[in-house]
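*Asks:*
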Amino acid sequence: KTMILVATGSLVGEGFDFPRLDTLFMATPVSFRGVVEQYAGRLNRDYAGKENVIIYDYVDNHIPMFDNMYMKRLKAYKQ
Numbered sequence: 094k095t096m097i098l099v100a101t102g103s104l105v106g107e108g109f110d111f112p113r114l115d116t117l118f119m120a121t122p123v124s125f126r127g128v129v130e131q132y133a134g135r136l137n138r139d140y141a142g143k144e145n146v147i148i149y150d151y152v153d154n155h156i157p158m159f160d161n162m163y164m165k166r167l168k169a170y171k172q
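Below, the structure is given as structure tokens:
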């Protein structure tokens, strides 16, 4: 059964545990690697039937600061 969870970063931060999650829509300008790893780590928990994990990362590349934050997130995703 499909389930959609919409939450802010503060609600899915430290202590949040829902292994069924398999997709993240990152729509917040964050660059700190620890936060990115924490959000992505929520998806990497084992759950029966979970095959793929997908992260959609939205960036406004017309604003240099947001583009720089995105580049930092990319490095964190690769680790």
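For the sequence shown, my numbering begins at 94 and goes up steadily by one.
For every residue, glycine included, the Cβ atom is placed at its ideal position computed from N, Cα and C.
Of the choices Gly108, Ser124, Leu98, whose alpha-carbon is the least far from that of Ala169?
*Replies:* Out of Gly108, Ser124, Leu98, Ser124 has the C-alpha closest to the C-alpha of Ala169.
*Asks:* By Cβ distance below 7 Å, which residues in the same chain neighbour Pro122 in space, the five residues on each side in sequence not counted?
*Replies:* So the list reads Phe159, Met162, once near-sequence residues are dropped.
*Asks:* Less than 6 Å between C-beta atoms, sequence neighbours within five positions excluded: which residues of the same chain meet that for Thr116?
*Replies:* Cβ neighbours of Thr116 beyond the five flanking positions: Ile147.
*Asks:* So Tyr170 is in the alpha helix (DSSP H); what residue range does that whole segment cover?
*Replies:* That run of the alpha helix (DSSP H) goes 157–171.
*Asks:* Just how far apart, CA to CA, sit Ile156 and Ala141?
*Replies:* Roughly 41 Å separates the two Cα atoms.
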